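Chemist: Under the UniProt record's numbering, the residues of the sequence shown are numbered 1 to 495, in order.
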Amino acid sequence: MIPVVALVGRPNVGKSTLFNRLTKTRDALVADFPGLTRDRKYGHANYADQSFILIDTGGIDGTEVGVETHMAEQSLLAIEEADVVLFMVDGRSGLMPADHLITQHLRERKKPTFVVVNKTDGLDPDVAMSDFYTLGLGEIYPIAAAHGRGVIRLLEDALLPFSESLQQRLAQESKLNEEETGISDDEILEAKLSEGLLDTTDEEPLSDDEIAKLEEQIAAGDGEEEVAFNPQTDLPIKIAIIGRPNVGKSTLTNRLLGEDRVIVFDMPGTTRDSIYIPLKKDERDYVIIDTAGVRKRGKIHETVEKFSVIKTLQAIEDSNVVLLVIDAKEGISDQDLSLLGFVLNSGRSIVIVINKWDGMSQEDREKVKEGLEARLGFVDFARIHFISALHGSGVGNLFTFVNEAYDCSTQRVSTAKLTRIMQMAIEDHQPPMIRGRRVKMKYAHAGGYNPPIVVIHGNQVNALPDSYKRYLMNYFRKSLKVMGSPIRIQFKESE
Ligand code: GDP
Ligand code: GDP
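1. Do R284 and V322 have their C-beta atoms closer together than 8 Å?
2. Which residues bound the beta strand (DSSP E) around P142?
3. Roughly how many angstroms separate the alpha carbons of L197 and M360, rounded to a whole number?
4. With hydrogens ignored, establish whether the beta-carbon of S16 is closer than 7 Å to any heavy atom of ligand 1.
5. Whole angstroms is fine: what's the gap from V343's alpha carbon to G148's?
6. Residues around ligand 3, please: the condition is that the C-beta lies closer than 6 Å to some non-hydrogen atom of it.
7. Among I241, F399, D336, whose alpha-carbon lies nearest the alpha-carbon of L376?
8. Could you check if L176 is buried or exposed, using at least 16 other CB atoms within 10 Å of its CB as the buried criterion?
9. Can you tell me where the beta strand (DSSP E) with M96 in it begins and where it stops?
10. Smallest Cα separation from residue 497: which of I53, I79, F132?
11. Hey, out of V13, K311, Q411, whose CA is closest to G94's CA?
12. Any chance the CB of V13 is under 7 Å from a heavy atom of ligand 1?
13. Let me check you understand the geometry: is the CB of D121 closer than 7 Å to at least one non-hydrogen atom of ligand 1?
14. Just how far apart, CA to CA, sit V84 and T113?
15. Give the range of the alpha helix (DSSP H) segment to which Q430 is assigned.
16. Looking at the secondary structure, which residues open and close the beta strand (DSSP E) in which M441 lies?
17. Once the 5 residues before and after I426 are set aside, which same chain residues still bring their CB inside 7 Å of it?
18. Is the closest heavy atom of ligand 1 to the C-beta of A145 under 7 Å?
19. For the candidate residues N118, L86, H391, whose alpha-carbon lies nearest to that of T103?
20. In whole angstroms, what is the alpha-carbon distance linking L101 and I140?
21. Taking the alpha carbon of D327 as the point to measure from, which residue in E493, H391, P245, S467 has its own alpha carbon closest?
22. Look at the alpha carbon of K367 and the alpha carbon of L313, and state the distance between them as a whole number of angstroms.
23. For T201, collect the residues of the same chain with a Cβ closer than 6 Å to its Cβ; drop the 5 residues on either side in sequence, then sort them by chain order.
24. Using DSSP's beta-bridge definition, name the partner residues of R383.
25. Considering only residues of the same chain and omitting the five flanking positions on each side of E156, which have a CB-CB separation below 6 Å?
26. Let me make sure I understand the geometry here. Which of T400, T17, V309, M483 has the alpha-carbon closest to that of S338?
27. DSSP three-state label for T37, please.
28. Three-state secondary structure (DSSP) at G148?
29. Just curious, the beta strand (DSSP E) that D327 is in, first and last residue?
30. Let's test the definition: count the other Cβ atoms within 10 Å of the Cβ of S467 and tell me whether it reaches 16, buried, or not, exposed.
31. For G248, which residues in the same chain have their Cβ closer than 8 Å to its Cβ, ignoring the five residues on either side in sequence?
32. Consult DSSP for I421 and reduce its assignment to one of helix, strand or coil.
33. Where does K15 land, buried or exposed, given buried means 16+ other C-beta within 10 angstroms?
34. Around the C-beta of R477, are 16 or more other C-beta atoms found within 10 angstroms, so that it is buried, or is it exposed?
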């Protein structure tokens, strides 16, 4: 399960700054669901191949009244939801009474906690940190969120228990140091810190040998790589059913499982874990990830916090295809768009399901369709499917779209074909000149599936403007006929 990291601390210590840096976005999902505060922001982040969910809380300063008290309580709830807490303090203002208050809460909840002293830019880190040892919360991490300094060391330590690859890498690094280089961990760390927050989500660039081999393959017109297994036949398709409260997720889950397989769980709405239900249909294996918790029919009792953002985000992350359920009678809300944004960010395939299509007048249906066009026009690659989970109409067909989205996102495409598509795209529309030189794209190969990743090698490719990158992405999507899945393009400098 993808870990949950909560940022807590007084207002103004720099939580949002760190949040934005780590999630690389300014428009995080602001939880504005019934029973949740407006004040918790959820974002998706990635470091060294380890995904994690980041929660930003409004802040607690101990003087809250009225609405603010509620917010402070919500910050505490975020601590509850988290696997790790980053407790942020301000190195410039030093220790404040509210820091003690938060410390007390953290102690009571016994969460793994990292004390993060922010704004240490231009300060002597030792002096900036000294104040905070008295909190007695363990190791202290000096950072400058605004510049990225110190963030890598913090992330590596905070994520270490959750990330096998990080554990392996660190073990390997320190072994190498000892045995061969004689360079201490501290020196390596220093070098990393001076580079700021590295984006390590990209793979290593290919070696010269690998590039030569690929170029040979292209010349020979044979780019089909051997793969150990075929995801289209060897793995069940994991389908996450997500959506706002009351859109019909449980009703749909029950429908998909069939009349004879209504499964009843009595789970409190705040539980973090979804239910995984295996299902076979037309010889294909699926696993339904049920975020709602299937409830006994006719016995729908609303809990205050029936909807859990964490549960939803984890289900998205763990799925292959997401069914985003939207209530036709309510129309498309900002929350639906937030959820959609999350799905697109995650790279998962998506089918948009408009539920409660029964009992609507023709006029209302037209209105809904207009709304969809206006608000969902930007995801023109996603199928929109109209159903009634209650009566079952349209539900059977859903699997067709799920299969299509999954198959599109896992298709194997040869280097030769991807390179040809890239060349056609260039012929149709030349890349711009950068610093007086034409950007040179040499070849393309597949870099992953679900979502499909196209890796383009060349010179100055990283300098391509976003508009051209988008053009390439659309060109690849159309040429490869990918429906229901985003496509990612990565660029590698060949020099
Ligand atoms: P939040 O209320 O805890 O979310 O704090 P913000 O992220 O909004 O930051 C509060 C203020 O601190 C803003 O003016 C930031 O620009 C500033 N700030 C954040 N990080 C740093 C840092 O590393 N160094 C300095 N000097 N200022 C910072
Ligand atoms: P969840 O919170 O997303 O799991 O939503 P539920 O499945 O519990 O459904 C919420 C309410 O919407 C219930 O009263 C359902 O009977 C009703 N509902 C679900 N699907 C449909 C549908 O297709 N048409 C109509 N009219 N009502 C539905």
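Ideal placement from N, C-alpha and C gives every residue a C-beta, glycine not left out.
It should be emphasised that the depicted structure is a prediction, and the values quoted were computed from it without experimental measurement.
Modeler: Once the coordinates are examined:
1. Position 284 of the sequence shown, counted from the first residue, corresponds to residue 284. Position 322 of the sequence shown, counted from the first residue, corresponds to residue 322. No; because the gap between Cβ atoms is not below 8 Å, this pair is not in contact.
2. Along the sequence shown, read from residue 1 onward, the residue named residue 142 stands at position 142. Where P142 is concerned, the enclosing beta strand (DSSP E) stretches over 140–142.
3. Locating residue 197 in the sequence shown gives position 197, where the first residue counts as 1. Locating residue 360 in the sequence shown gives position 360, where the first residue counts as 1. Confidence is the limiting factor: at L197 the pLDDT is only 37, short of 50, which leaves the residue's position unreliable and the question unanswerable from this model.
4. Indexing the sequence shown from 1 puts residue 16 at position 16. Taking the Cβ of S16 as the reference point, at least one heavy atom of ligand 1 falls within a distance shorter than 7 Å.
5. Taking the sequence shown and counting its residues from 1, one reaches residue 343 at position 343. Taking the sequence shown and counting its residues from 1, one reaches residue 148 at position 148. Those two C-alpha atoms are separated by around 27 Å.
6. This structure lacks ligand 3; the ligands present are ligand 1 and ligand 2.
7. Indexing the sequence shown from 1 puts residue 376 at position 376. From the listed residues I241, F399, D336, the smallest Cα separation to L376 is found for D336.
8. Indexing the sequence shown from 1 puts residue 176 at position 176. Answer is exposed; the Cβ neighbour count stays below 16.
9. Start at 1 with the first residue of the sequence shown, and residue 96 comes out as number 96. In the DSSP assignment, M96 falls outside any beta strand (DSSP E), carrying neither H nor E.
10. The first residue shown for the chain is 1 and the last is 495, placing residue 497 beyond what the model contains.
11. By 1-based counting over the sequence shown, the position of residue 94 is 94. Ranking V13, K311, Q411 by Cα distance to G94 puts V13 first.
12. In the sequence shown, the residue the question calls residue 13 occupies position 13. It does: the Cβ of V13 is within 7 Å (strictly closer) of some heavy atom of ligand 1.
13. Taking the sequence shown and counting its residues from 1, one reaches residue 121 at position 121. Yes, the beta carbon of D121 sits closer than 7 Å to at least one heavy atom of ligand 1.
14. By one-based count along the sequence shown, residue 84 stands at place 84. By one-based count along the sequence shown, residue 113 stands at place 113. About 6 Å.
15. Looking up residue 430 in the sequence shown gives position 430. For Q430, no alpha helix (DSSP H) segment is defined, and its DSSP state is neither H nor E.
16. Here residue 441 refers to the residue found at position 441 of the sequence shown. Counting along the chain, the beta strand (DSSP E) containing M441 begins and ends at 440–448.
17. Against the sequence shown, residue 426 aligns to sequence position 426. The residues M441, in chain order, have a CB closer than 7 Å to that of I426 in the same chain once the five nearest residues on each side in sequence are set aside.
18. Mapped onto the sequence shown, residue 145 falls at position 145. Relative to ligand 1, A145 has its C-beta within less than 7 Å of a heavy atom.
19. Within the sequence shown, residue 103 is the residue found at index 103, counting from 1. Comparing Cα-Cα distances from T103 to each of N118, L86, H391, the minimum goes to L86.
20. Residue 101 sits at position 101 when you count from the first residue of the sequence shown. Residue 140 sits at position 140 when you count from the first residue of the sequence shown. Using only the alpha carbons, I get a separation of about 18 Å.
21. The residue given as residue 327 occupies position 327 in the sequence shown. Answer by Cα proximity: P245.
22. Position 367 of the sequence shown, counting from 1, holds the residue named residue 367. Position 313 of the sequence shown, counting from 1, holds the residue named residue 313. For K367 and L313, the gap between their C-alpha atoms comes out near 30 Å.
23. In the sequence shown, the residue the question calls residue 201 occupies position 201. The predicted position of T201 is uncertain, since its pLDDT is 34 and thus under 50; a value taken from the coordinates is nonetheless stated next. Sequence-distant Cβ neighbours of T201 in its own chain, meaning closer than 6 Å and more than five residues away, are N46.
24. Within the sequence shown, numbered from 1, the residue matching residue 383 stands at position 383. Note: R383 is bridge-paired with V351 in the DSSP secondary-structure output.
25. The residue labelled residue 156 in the question sits at position 156 within the sequence shown. Contacts found: none.
26. Residue numbering aside, residue 338 sits at position 338 when the sequence shown is read from its first letter. The shortest C-alpha separation from S338 is found at V309.
27. By 1-based counting over the sequence shown, the position of residue 37 is 37. Confidence is the limiting factor: at T37 the pLDDT is only 41, short of 50, which leaves the residue's position unreliable and the question unanswerable from this model.
28. The count along the sequence shown starts at 1 and reaches residue 148 at position 148. Reduced to three states, the DSSP call for G148 is coil.
29. As a working mapping, residue 327 is identified with position 327 in the sequence shown. 321–327 is the span of the beta strand (DSSP E), which, as asked, contains D327.
30. Along the sequence shown, one-based indexing puts residue 467 at 467. With fewer than 16 other Cβ atoms from the protein chains shown falling within 10 Å of its own Cβ, S467 counts as exposed.
31. Here residue 248 corresponds to residue number 248 of the sequence shown, with the count starting at 1. Hits under 8 Å: V325, D327, N355, K356, A389, L390.
32. Walking along the sequence shown from the start, residue 421 turns up at place 421. In the structure shown, I421 sits in a helix (DSSP, three-state: H, G or I).
33. Locating residue 15 in the sequence shown gives position 15, counting from the first residue. Classification for K15: buried.
34. Counting from 1 along the sequence shown, the entry for residue 477 is found at position 477. Buried, because 16 or more other Cβ atoms sit within 10 Å of the Cβ of R477.
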